[in-house]
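Participant: One structure follows; several queries about it will come next.
Protein chains: 2
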Amino acid sequence: MAYDLAMAALADPTRRRLVERLRHRPRAVGELAQHLRVTQPAVSQHLAVLRRARLVRGRAVGRRRLYQLDPAGLAMLRQYLDRMWGDALEAYARSFEE
Amino acid sequence: MAYDLAMAALADPTRRRLVERLRHRPRAVGELAQHLRVTQPAVSQHLAVLRRARLVRGRAVGRRRLYQLDPAGLAMLRQYLDRMWGDALEAYARSFEE
DNA sequence: CTGACAAATAAGCATATACTTATATTAGTA
DNA sequence: TACTAATATAAGTATATGCTTATTTGTCAG
Numbered sequence: 093m094a095y096d097l098a099m100a101a102l103a104d105p106t107r108r109r110l111v112e113r114l115r116h117r118p119r120a121v122g123e124l125a126q127h128l129r130v131t132q133p134a135v136s137q138h139l140a141v142l143r144r145a146r147l148v149r150g151r152a153v154g155r156r157r158l159y160q161l162d163p164a165g166l167a168m169l170r171q172y173l174d175r176m177w178g179d180a181l182e183a184y185a186r187s188f189e190e
Numbered sequence: 093m094a095y096d097l098a099m100a101a102l103a104d105p106t107r108r109r110l111v112e113r114l115r116h117r118p119r120a121v122g123e124l125a126q127h128l129r130v131t132q133p134a135v136s137q138h139l140a141v142l143r144r145a146r147l148v149r150g151r152a153v154g155r156r157r158l159y160q161l162d163p164a165g166l167a168m169l170r171q172y173l174d175r176m177w178g179d180a181l182e183a184y185a186r187s188f189e190e
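Sequence lines, in order, name chains E and H.
Under this note's numbering, the first residue of the first sequence is numbered 93, with each subsequent residue one higher.
Under this note's numbering, the first residue of the second sequence is numbered 93, with each subsequent residue one higher.
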């Protein structure tokens with residue numbers, strides 16, 4: 093039951109934009125903040141939430157902090173959704189049988 | 093961009109329990125409420141949220157209302173997560189190359 | 001038609017949370 | 001050492017939302 097943190101984290105649109113911005117390469121906090129209409133502290137707070145959900149990882153490089161996606165959180169979410177998806181399809185098909 | 097409603101809907105643990113309870117077969121509102129420590133109105137409100145997110149569908153049967161999973165919402169979510177997952181893996185692999 | 005049952009809606013409240021500004025921390029630079 | 005840059009943390013606020021009770025709407029049984 094670790095996907096609950098990930099689901100809650102991705103429910104926020106600003107955090108989803110952060111994740112999407114990290115899709116292809118790591119970015120520094122300031123760089124992320126520039127594109128987001130929110131202040132730098134807000135971005136740091138969002139990153140902390142994403143970190144706890146294991147959706148991103150941060151490492152210090154000089155005096156900057158580079159964040160990148162952590163596959164772990166996404167993997168758990170995917171697994172959960174795939175299970176639901178499979179069951180939903182089965183139940184849906186069954187609902188036509190009778 | 094329809095997965096945002098689904099993400100927000102599934103972020104709530106009570107709503108997730110509702111979805112999980114509907115995994116295998118349709119259920120009536122009262123039946124769902126009995127297993128959930130919340131009142132019937134709360135369940136109805138949650139179901140409304142899930143309906144707007146296209147995660148469930150409800151149909152009237154007599155004076156009861158049977159809800160079942162709607163694959164549509166889950167499909168959108170899955171698609172979104174799969175894209176993120178793929179990109180995350182690529183970026184992760186790339187981060188080892190250099 | 002009347003009463004009871006099932007679900008949805010209304011209204012209100014209490015808490016969670018996404019934001020802000022201000023400050024602290026840590027690392028590079030002159 | 002002092003100064004600046006980059007990020008994190010603290011504290012406070014405003015809004016969103018998940019819950020409750022009370023009421024409304026709709027359906028079946030007698």
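Glycine residues also receive a C-beta, built at the ideal position from the N, C-alpha and C atoms.
All figures in this text were calculated on a predicted structure; none of them were measured in a lab.
Strictly under 8 angstroms for the Cβ-Cβ distance: is H:R170 near chain E by that measure?
Facilitator: It does; some Cβ of chain E falls within 8 angstroms.
Participant: Can you check whether the C-beta of H:P163 is within less than 8 angstroms of a C-beta belonging to chain E?
Facilitator: Chain E, which has a Cβ nearer than 8 angstroms to the Cβ of H:P163, makes this yes.
Participant: Look at the alpha carbon of E:L173 and the alpha carbon of H:E112, and state the distance between them as a whole number of angstroms.
Facilitator: Going by the C-alpha atoms only, they are around 11 angstroms apart.
Participant: Could you give the distance in angstroms between the alpha-carbon of H:L142 and the alpha-carbon of E:V148?
Facilitator: The straight-line gap from Cα to Cα measures roughly 28 angstroms.
Participant: Flag this pair as touching only if the region 129–142 of chain H and the region 98–116 of chain H have three or more C-beta atom pairs under 8 angstroms; answer yes or no.
Facilitator: Yes: the two stretches touch, three or more of their Cβ pairs being nearer than 8 angstroms.
Participant: For the region 145–162 of chain H, which residues have a CB atom closer than 7 angstroms to at least one CB atom of chain E, in sequence order?
Facilitator: Listed in sequence order: Q160 and L161.
Participant: Which residue comes first and which comes last in the alpha helix (DSSP H) that contains H:A180?
Facilitator: Its alpha helix (DSSP H) spans residues P163 to E189.
Participant: Got a sec, what are the start and stop residues for the alpha helix (DSSP H) E:V191 sits in?
Facilitator: With chain E running from 93 to 190 in the structure shown, residue 191 of chain E is simply not present.
Participant: Taking the alpha-carbon positions, what's the H:G165 to E:R157 distance?
Facilitator: Rounded to whole angstroms, H:G165 to E:R157 spans 36 angstroms at the Cα level.
Participant: At least one CB of chain E closer than 8 angstroms to the CB of H:R129: is that the case?
Facilitator: Answer no: the Cβ-Cβ gap between H:R129 and chain E never drops below 8 angstroms.
Participant: Can you check whether the CB of E:M176 is closer than 8 angstroms to the CB of E:A98?
Facilitator: No; because the gap between Cβ atoms is not below 8 angstroms, this pair is not in contact.
Participant: I believe H:G150 touches H:L161 by the beta-carbon criterion, under 8 angstroms. Please report the beta-carbon distance rounded to the nearest angstrom.
Facilitator: That pair is no contact at about 11 angstroms.
Participant: By DSSP, does E:G154 sit in helix, in strand, or in coil?
Facilitator: Residue state, collapsed to three classes: coil.
Participant: Candidates H:A183, H:G178 and H:L128: which alpha carbon is nearest E:R117's?
Facilitator: If we check each option's Cα against that of E:R117, H:A183 comes out closest.
Participant: In whole angstroms, what separates the C-alpha of E:L181 from that of E:Q171?
Facilitator: Computed Cα separation, rounded: 16 angstroms.
Participant: Name the residue from E:A125, E:Y159 and E:S187 whose alpha carbon lies nearest to the alpha carbon of E:L114.
Facilitator: Among E:A125, E:Y159 and E:S187, the Cα nearest to that of E:L114 belongs to E:Y159.
Participant: Taking only beta-carbon atoms, is H:S136 less than 8 angstroms away from chain E?
Facilitator: Not an interface residue.
Participant: Short check: CB of E:A145 to CB of E:A101, under 8 angstroms?
Facilitator: Cβ atoms of E:A145 and E:A101: closer than 8 angstroms.
Participant: I'd like to confirm the pairing. Which residues does DSSP put opposite E:R149 in its beta bridges?
Facilitator: E:Q160.
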